[in-house]
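Down below is the structure, laid out as structure tokens.
Number of protein chains: 2
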Amino acid sequence: MTQSIAKWDMFEVSFAGPSDGNPFLDVTLEGFFTQYARTVRVPGFYDGNGTFRLRFMPDNEGVWSFTTKSSASELDGQSGSFAVTAPRPDNHGPVQVANRYHFAHADGTPFLSFGTTCYAWTHQPLSEQDKTLHTLARTRFNKLRMGVFPKDYPYNVNEPLHDVYQRDADGELDFDRPNPESFRHFENQVKALGDMGIQADIIMLHPYDRWGYSGMSETQDYRYFAYLTARLGAYHNVWWSLANEYDFLLDTKPMHQWDRYFHIIEENDPYGHLRSIHNGDPEANYDHRKAWVTHACIQNWDVKRTVEWRNAYGKPIVNDEPEYEGNINPSWGNITAEELTHRFWITAMRGGYAGHGETYSHPEDLIWWAKGGELHGQAWQRIAFLRSIMEESVSTGFEPINGGAGWPWSRVSGARDGDTTMIYLGEHQPVTWVSGLPQDDRKYEVDLIDTWNMTITAAKIIPAPENHPTRHGAIVRQRKPDAAFAVELPGKPYLALRVRTVRKG
Amino acid sequence: MTQSIAKWDMFEVSFAGPSDGNPFLDVTLEGFFTQYARTVRVPGFYDGNGTFRLRFMPDNEGVWSFTTKSSASELDGQSGSFAVTAPRPDNHGPVQVANRYHFAHADGTPFLSFGTTCYAWTHQPLSEQDKTLHTLARTRFNKLRMGVFPKDYPYNVNEPLHDVYQRDADGELDFDRPNPESFRHFENQVKALGDMGIQADIIMLHPYDRWGYSGMSETQDYRYFAYLTARLGAYHNVWWSLANEYDFLLDTKPMHQWDRYFHIIEENDPYGHLRSIHNGDPEANYDHRKAWVTHACIQNWDVKRTVEWRNAYGKPIVNDEPEYEGNINPSWGNITAEELTHRFWITAMRGGYAGHGETYSHPEDLIWWAKGGELHGQAWQRIAFLRSIMEESVSTGFEPINGGAGWPWSRVSGARDGDTTMIYLGEHQPVTWVSGLPQDDRKYEVDLIDTWNMTITAAKIIPAPENHPTRHGAIVRQRKPDAAFAVELPGKPYLALRVRTVRKG
Chain F
151 MTQSIAKWDM
161 FEVSFAGPSD
171 GNPFLDVTLE
181 GFFTQYARTV
191 RVPGFYDGNG
201 TFRLRFMPDN
211 EGVWSFTTKS
221 SASELDGQSG
231 SFAVTAPRPD
241 NHGPVQVANR
251 YHFAHADGTP
261 FLSFGTTCYA
271 WTHQPLSEQD
281 KTLHTLARTR
291 FNKLRMGVFP
301 KDYPYNVNEP
311 LHDVYQRDAD
321 GELDFDRPNP
331 ESFRHFENQV
341 KALGDMGIQA
351 DIIMLHPYDR
361 WGYSGMSETQ
371 DYRYFAYLTA
381 RLGAYHNVWW
391 SLANEYDFLL
401 DTKPMHQWDR
411 YFHIIEENDP
421 YGHLRSIHNG
431 DPEANYDHRK
441 AWVTHACIQN
451 WDVKRTVEWR
461 NAYGKPIVND
471 EPEYEGNINP
481 SWGNITAEEL
491 THRFWITAMR
501 GGYAGHGETY
511 SHPEDLIWWA
521 KGGELHGQAW
531 QRIAFLRSIM
541 EESVSTGFEP
551 INGGAGWPWS
561 RVSGARDGDT
571 TMIYLGEHQP
581 VTWVSGLPQD
591 DRKYEVDLID
601 TWNMTITAAK
611 IIPAPENHPT
621 RHGAIVRQRK
631 PDAAFAVELP
641 GKPYLALRVR
651 TVRKG
Chain X
151 MTQSIAKWDM
161 FEVSFAGPSD
171 GNPFLDVTLE
181 GFFTQYARTV
191 RVPGFYDGNG
201 TFRLRFMPDN
211 EGVWSFTTKS
221 SASELDGQSG
231 SFAVTAPRPD
241 NHGPVQVANR
251 YHFAHADGTP
261 FLSFGTTCYA
271 WTHQPLSEQD
281 KTLHTLARTR
291 FNKLRMGVFP
301 KDYPYNVNEP
311 LHDVYQRDAD
321 GELDFDRPNP
331 ESFRHFENQV
341 KALGDMGIQA
351 DIIMLHPYDR
361 WGYSGMSETQ
371 DYRYFAYLTA
381 RLGAYHNVWW
391 SLANEYDFLL
401 DTKPMHQWDR
411 YFHIIEENDP
421 YGHLRSIHNG
431 DPEANYDHRK
441 AWVTHACIQN
451 WDVKRTVEWR
461 NAYGKPIVND
471 EPEYEGNINP
481 SWGNITAEEL
491 THRFWITAMR
501 GGYAGHGETY
511 SHPEDLIWWA
521 KGGELHGQAW
531 QRIAFLRSIM
541 EESVSTGFEP
551 INGGAGWPWS
561 RVSGARDGDT
571 TMIYLGEHQP
581 VTWVSGLPQD
591 DRKYEVDLID
601 TWNMTITAAK
611 IIPAPENHPT
621 RHGAIVRQRK
631 PDAAFAVELP
641 GKPYLALRVR
651 TVRKG
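As you go down the protein sequences, you meet chains F and X in turn.
Sequential numbering from 151 applies to the first sequence in this note's numbering.
Sequential numbering from 151 applies to the second sequence in this note's numbering.
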């Protein structure tokens with residue numbers, strides 16, 4: 151009987167091979183997966199104890215067969231076949247760029263990115279990792295930023311659960327020998343996230359290090375990228391994030407290395423998972439226009455500039471660090487829940503995607519942003535509320551009204567997707583509002599959304615104010631009432647409007 | 151007995167001259183005011199009914215004499231002299247640029263600009279104008295933006311108190327004949343402000359017009375600028391603002407005219423009063439680097455960019471429209487009092503000066519921003535509080551810490567003047583803080599300022615956290631604790647810190 155797996159799940163086959171010398175360096179292995187006239191090259195990897203593996207994520211139903219090529223005779227010329235069935239209902243396939251500034255799963259389901267951050271959660275005690283998964287199950291985050299390496303940083307001084315590389319006889323880390331146990335654990339957590347519908351945004355390098363991982367040689371880095379890609383590429387929910395704050399590593403890893411890391415991923419990931427890179431200094435963005443970058447990953451508090459970044463890069467904007475809700479000392483980690491909620495709405499209503507993190511001071515330094523565990527804040531619920539509202543209307547992705555330029559859209563935020571218009575007023579508190587309301591002859595209803603209290607009520611529709619017929623009005627007509635109707639508002643901040651055509655009851 | 155006036159007060163002398171024809175166009179008059187070897191040329195003006203006037207603001211004590219030159223024989227060769235005494239205690243002289251990014255009166259007293267806006271207050275009924283002055287006396291605003299011409303705009307549809315030009319036999323405005331009554335009234339209000347220590351930031355042109363003032367010919371505009379300068383230049387508290395939203399007038403008044411307006415002011419104002427020009431579209435700033443612009447007048451909500459503007463223009467930054475507190479329909483006029491207070495603090499703590507306006511919806515459209523009258527909001531008291539705090543410490547002007555660039559000063563705001571350091575945390579709510587605290591060996595005390603509740607209490611000083619001695623710490627040492635002490639904070643937003651050396655009790 152043929153083995154069978156569902157489309158976008160992972161097919162894995164293992165082989166016994168040589169274990170002497172250093173198989174990580176000495177042995178090559180590739181698989182060639184074929185269906186009809188199509189063949190996909192897939193890199194294999196050494197998993198320790200003489201075991202080599204090939205992993206493959208099929209993107210088409212039906213029978214696939216494979217053969218292997220290897221420098222080791224016992225791994226060379228192996229072959230087999232398996233059947234691919236329809237995807238499981240909750241697996242929509244890997245996320246890709248869609249409609250230039252947005253994302254969708256491979257089956258076309260729009261993916262609205264609502265990420266959070268637990269940099270080193272897979273390196274905490276297992277009981278803490280369970281807590282993290284339990285917490286994530288209660289939230290509506292669908293992307294998690296997480297590092298392969300452990301983290302050494304203020305509030306992060308504990309030793310990791312596993313060494314990521316093996317130790318030699320002297321107890322020194324040997325950066326030519328990955329530790330399979332560590333990678334297996336990491337992969338299990340990536341899978342656990344995938345089963346929950348959460349994308350694993352895998353941070354491959356970072357500078358917060360006391361063990362030496364950030365100081366591997368150029369060659370070791372390249373091998374590391376290839377190894378990681380070979381092991382993890384077949385997981386449907388993987389995103390590649392080359393680094394956190396890559397610019398703080400530029401003193402030892404110059405720019406050509408970063409370009410090369412991207413290429414190594416492309417060479418070893420036949421599925422084309424999303425690829426991005428994250429800056430520290432807001433002036434040090436990597437050039438996200440480069441062809442191998444799929445979307446711009448931004449760290450920037452000035453979220454009203456989202457349209458500027460869309461225009462600069464022509465790609466989806468994921469602002470993963472618009473600062474974190476919390477109260478710790480560093481100023482990237484101590485904004486209020488109200489402010490982070492505000493920044494999520496502004497970003498979303500200007501055609502971008504924001505990311506969450508939480509950094510509340512804790513007596514044992516158990517802080518969500520790095521270690522996971524429990525959430526203590528108030529933004530995450532509001533972010534879930536925003537996601538639910540956007541999901542109700544998403545078709546191709548919310549595009550900023552007026553390109554986000556022009557009056558009044560530099561001041562307030564508004565976006566449209568299909569027949570739905572949403573306007574986020576934020577720090578503005580008008581008692582009437584008219585800009586951006588549709589002016590065709592269909593009948594509309596307007597919902598008033600309280601973004602903090604998470605309520606949705608009908609807004610009162612009133613006649614639009616008269617256009618003021620003077621010279622100034624003639625010059626800047628776009629500044630004048632531009633719709634046949636207006637709405638009456640309660641005159642308080644942090645409200646949004648949702649405008650939709652009246653639904654047949 | 152010689153007439154005598156105080157330094158920086160206004161000396162005025164009038165002459166009977168021709169009243170036939172059009173003396174505004176036909177008769178030239180200049181005065182030459184001399185003390186020792188110095189002679190100052192001062193333009194005269196026609197005030198109607200055959201009366202011509204010369205006004206002069208002496209900037210030096212002692213005897214001055216003058217002679218006149220005129221195209222009319224009865225005005226030519228007149229002369230006289232007068233004595234100038236020490237200035238009145240509350241007249242510190244006109245405000246000038248000081249220390250590149252700041253202002254000071256002519257006697258050296260620092261001028262911290264805290265402006266507000268009543269565009270058309272001098273065109274309202276006199277009882278409303280009295281209310282405006284009465285309100286201003288209760289506030290601590292020291293600059294008022296006010297237009298020469300009446301205003302036609304939403305919420306502003308009433309006829310003005312006076313025509314600014316005379317009407318001809320057919321009732322049409324004659325833009326070759328200014329209406330002296332209108333100008334005399336305007337001047338009286340400028341003087342009333344001066345007596346209260348308030349700078350009159352005189353807006354010479356604007357596009358909100360139904361009477362035709364914004365459509366005068368190029369020649370008429372040039373004559374208007376010269377006339378206004380001749381009449382008003384001798385008031386110590388005058389600032390020249392060429393236009394409100396000049397870019398909305400570019401279709402009929404091209405750029406070379408705006409440059410020429412500046413030059414006409416310079417030719418007719420021997421005192422060098424401050425000169426600026428105000429934009430509508432944030433992308434349409436006039437090039438404030440031009441030599442004849444004394445300071446950059448900005449309309450922009452994105453106040454954390456204040457340092458960027460300082461660097462771009464190299465002049466004082468007066469952000470007169472960081473949006474207004476209110477609740478009217480247009481989004482420049484409906485931010486919360488909290489948000490405007492926040493923007494004032496951010497601007498001030500990045501080395502700029504913000505401006506206030508209030509736009510609360512009113513059943514009779516009596517809105518402070520255009521008509522003056524009464525204030526209904528909550529920002530003005532907080533702005534007064536900020537001014538008082540800054541005045542306590544000002545010496546040469548508050549300069550942004552770290553030039554405002556670099557971490558964490560792109561996120562939070564901090565400034566120093568002399569031995570005083572102030573840090574505004576805004577939307578940040580750390581429970582401890584260390585960045586920017588001085589690290590020399592003097593003894594410091596720290597005040598905790600609640601910017602909304604307007605309280606000042608002693609902050610608890612605690613030891614600085616340890617520097618985290620890892621690779622990342624080594625790369626970006628400036629991101630680490632940089633002082634020997636830190637402060638404990640209550641973990642709420644909108645707080646500021648003031649750090650001063652311990653005063654001898």
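Heads up, the beta-carbon is just placed ideally off N, CA and C, and yes, glycines get one too.
- request: Could you tell me which of F:V637, F:W557, F:N484 sits nearest to Y594 (chain F), measuring between CA atoms?
  value: Walking along the first sequence from the start, residue 594 (chain F) turns up at place 444. Nearest neighbour of Y594 (chain F) by Cα position, chosen from F:V637, F:W557, F:N484, turns out to be F:V637.
- request: Say whether chain F places a C-beta atom closer than 8 Å to the C-beta of V562 (chain X).
  value: What you label residue 562 (chain X) is simply residue 412 of the second sequence in a count that begins at 1. With its beta carbon less than 8 Å from one in chain F, V562 (chain X) belongs to the interface.
message: My output table needs one value for A256 (chain F): the three-state DSSP class, helix, strand or coil.
response: On the first sequence, position 106 is the one that residue 256 (chain F) refers to. Three-state DSSP puts A256 (chain F) in coil, outside helix and strand.
field: Selection from X:Q339, X:Y196, X:Q274 that minimises the alpha carbon distance to Y305 (chain X)
entry: Within the second sequence, the letter at position 155 stands for residue 305 (chain X). For Y305 (chain X), the closest alpha carbon among the candidates X:Q339, X:Y196, X:Q274 is that of X:Q274.
query: So N450 (chain X) packs on E395 (chain X), CB below 8 Å; how close in whole Å?
result: Walking along the second sequence from the start, residue 450 (chain X) turns up at place 300. Walking along the second sequence from the start, residue 395 (chain X) turns up at place 245. Contact between N450 (chain X) and E395 (chain X) is ruled out by a C-beta separation of about 13 Å, above the 8 Å threshold.
message: Considering only the alpha carbon of each residue, which of X:N241, X:R537, X:H506, X:S169 lies closest to R295 (chain X)?
response: Residue 295 (chain X) sits at position 145 when you count from the first residue of the second sequence. For the set X:N241, X:R537, X:H506, X:S169, the Cα lying nearest the Cα of R295 (chain X) is the one of X:H506.
message: Output needed for F325 (chain F): all residues of its chain with C-beta closer than 6 Å, excluding positions within five of it in sequence on either side, in chain order.
response: The count along the first sequence starts at 1 and reaches residue 325 (chain F) at position 175. Hits under 6 Å: Y315, M366, Q370.
- prompt: At a Cβ threshold of 8 Å, is D452 (chain F) touching chain X?
  reply: Sequence index remark: in the first sequence, residue 452 (chain F) carries index 302 (1-based). Chain X, which has a Cβ nearer than 8 Å to the Cβ of D452 (chain F), makes this yes.
message: For G344 (chain F), report the span of its alpha helix (DSSP H) as first-last.
response: Taking the first residue of the first sequence as position 1, residue 344 (chain F) is located at position 194. Element bounds for G344 (chain F): 330-345.
- prompt: Per the contact definition of three or more C-beta pairs closer than 8 Å, is the stretch 471-490 of chain F in contact with the stretch 568-583 of chain X?
  reply: Contact holds: three or more Cβ-Cβ distances are below 8 Å.
message: According to DSSP, is A624 (chain F) part of a helix, a strand, or is it coil?
response: Mapped onto the first sequence, residue 624 (chain F) falls at position 474. For A624 (chain F), the pLDDT reaches just 38, beneath the cut-off of 50, and the residue's location in the model is therefore unreliable, leaving the point undetermined.
- request: Please classify H284 (chain F): does DSSP put it in a helix, a strand, or coil?
  value: Reading the first sequence from its first residue, position 134 is the one you call residue 284 (chain F). In the structure shown, H284 (chain F) sits in a helix (DSSP, three-state: H, G or I).
task: Measure the CB-CB distance between F206 (chain F) and T152 (chain F) and report whether it falls below 8 Å.
output: The count along the first sequence starts at 1 and reaches residue 206 (chain F) at position 56. The count along the first sequence starts at 1 and reaches residue 152 (chain F) at position 2. At the C-beta level, F206 (chain F) and T152 (chain F) stay beyond 8 Å of one another.
field: Boundaries (first-last residue) of the alpha helix (DSSP H) holding V457 (chain F)
entry: Position 307 of the first sequence, counted from the start, is the residue given in the question as residue 457 (chain F). Where V457 (chain F) is concerned, the enclosing alpha helix (DSSP H) stretches over 456-463.
message: Along the chain, where does the alpha helix (DSSP H) containing Y374 (chain X) start, and where does it finish?
response: Counting from 1 along the second sequence, the entry for residue 374 (chain X) is found at position 224. Y374 (chain X): member of the alpha helix (DSSP H) spanning 368-382, first to last residue.
- prompt: Is it a yes or a no for the stretch 494-504 of chain F touching the stretch 543-556 of chain F, going by three-plus beta-carbon pairs under 8 Å?
  reply: Touching, yes, given that three or more Cβ pairs across the two stretches are closer than 8 Å.
message: Strictly under 8 Å for the Cβ-Cβ distance: is N552 (chain F) near chain X by that measure?
response: Along the first sequence, one-based indexing puts residue 552 (chain F) at 402. No, no contact with chain X.
message: Check this for me: beta carbons of Y463 (chain X) and W519 (chain X), under 8 Å apart or not?
response: As a position in the second sequence, residue 463 (chain X) is number 313, starting the count at 1. As a position in the second sequence, residue 519 (chain X) is number 369, starting the count at 1. Not in contact: Y463 (chain X) and W519 (chain X) (Cβ atoms no closer than 8 Å).
- request: Could you check what DSSP says for I353 (chain F) in three-state terms: helix, strand or coil?
  value: Position 203 of the first sequence, counted from the start, is the residue given in the question as residue 353 (chain F). I353 (chain F) falls in the strand class under three-state DSSP.
T402 (chain X) - containing beta strand (DSSP E), residue span: By one-based count along the second sequence, residue 402 (chain X) stands at place 252. Counting along the chain, no beta strand (DSSP E) covers T402 (chain X), and no H or E run does either.
field: Assigned secondary structure, Q279 (chain F) (DSSP; H/G/I helix, E/B strand, else coil)
entry: Position 129 of the first sequence, counted from the first residue, corresponds to residue 279 (chain F). Residue state for Q279 (chain F) is assigned as helix, using DSSP reduced to three classes.
message: Run through the DSSP bridge pairs and tell me what E577 (chain F) is partnered with.
response: As a working mapping, residue 577 (chain F) is identified with position 427 in the first sequence. Secondary-structure assignment with DSSP links E577 (chain F) through no beta bridge to anything.
- prompt: Q589 (chain X) CB to nearest chain F CB: under 8 Å?
  reply: The count along the second sequence starts at 1 and reaches residue 589 (chain X) at position 439. False, the Cβ-Cβ gap to chain F never drops below 8 Å.
- prompt: Mind checking if Q449 (chain X) is an interface residue toward chain F, Cβ cutoff 8 Å exclusive?
  reply: Looking up residue 449 (chain X) in the second sequence gives position 299. For Q449 (chain X), the closest Cβ of chain F is not nearer than 8 Å.
- prompt: In the structure shown, what three-state DSSP assignment does W557 (chain X) receive?
  reply: As a position in the second sequence, residue 557 (chain X) is number 407, starting the count at 1. The three-state reading of DSSP puts W557 (chain X) in coil, since its state is none of H, G, I, E or B.
- request: Please state whether DSSP places V453 (chain X) in a helix, a strand or coil.
  value: In the second sequence, residue 453 (chain X) corresponds to position 303, counting from 1. Reduced to three states, the DSSP call for V453 (chain X) is helix.
field: Neighbourhood of Q339 (chain X) by C-beta distance below 6 Å, restricted to the same chain and skipping five residues each side
entry: For the purposes of this step, residue 339 (chain X) is taken as the residue at position 189 of the second sequence. If we look at Q339 (chain X) and ignore the five residues flanking it on each side, its Cβ neighbours are T272.
task: Have a look at the DSSP bridge pairing and note the partners of D600 (chain X).
output: For the purposes of this step, residue 600 (chain X) is identified with residue 450 of the second sequence, where counting begins at 1. For D600 (chain X), which the question treats as bridged, DSSP gives the partners X:T605, X:L645.
task: Using a Cβ-Cβ cut-off of 8 Å, state whether P480 (chain X) counts as contacting chain F.
output: Stepping through the second sequence from its first residue, residue 480 (chain X) is reached at position 330. Yes, P480 (chain X) counts as interfacial toward chain F.
Per-residue DSSP class, three states only, for E508 (chain F): As a first step, residue 508 (chain F) must be located in the first sequence, where it is residue number 358. It is a strand residue.
task: With R537 (chain F) as the anchor, note down where its beta strand (DSSP E) starts and where it stops.
output: For the purposes of this step, residue 537 (chain F) is identified with residue 387 of the first sequence, where counting begins at 1. Where R537 (chain F) is concerned, there is no enclosing beta strand (DSSP E), although the alpha helix (DSSP H) it sits in stretches over 529-543.
task: Please state whether DSSP places V652 (chain X) in a helix, a strand or coil.
output: What you label residue 652 (chain X) is simply residue 502 of the second sequence in a count that begins at 1. In the displayed model, V652 (chain X) falls within coil according to three-state DSSP, outside both helix and strand.
query: So which residues of chain X does S511 (chain F) contact, with C-beta pairs closer than 7 Å?
result: Sequence index remark: in the first sequence, residue 511 (chain F) carries index 361 (1-based). Going along chain X in sequence order, the residues near S511 (chain F) (Cβ under 7 Å) are V581.
- request: Taking I496 (chain X) as part of the alpha helix (DSSP H), name the residues at either end of that continuous run.
  value: What you label residue 496 (chain X) is simply residue 346 of the second sequence in a count that begins at 1. I496 (chain X) -> alpha helix (DSSP H) spans 487-498.
query: Once you ignore the five residues that flank L647 (chain X) on each side, which residues in its own chain have a CB closer than 6 Å to its CB?
result: Here residue 647 (chain X) refers to the residue found at position 497 when the second sequence is read from its first residue. Here the set comprises I573, V596.
task: Identify, in the order they occur along the chain, each residue of the same chain with its Cβ nearer than 6 Å to the Cβ of A529 (chain F), setting aside the five sequence neighbours on each side.
output: Looking up residue 529 (chain F) in the first sequence gives position 379. Result list for A529 (chain F): E475, A487, L490, T491, in chain order.
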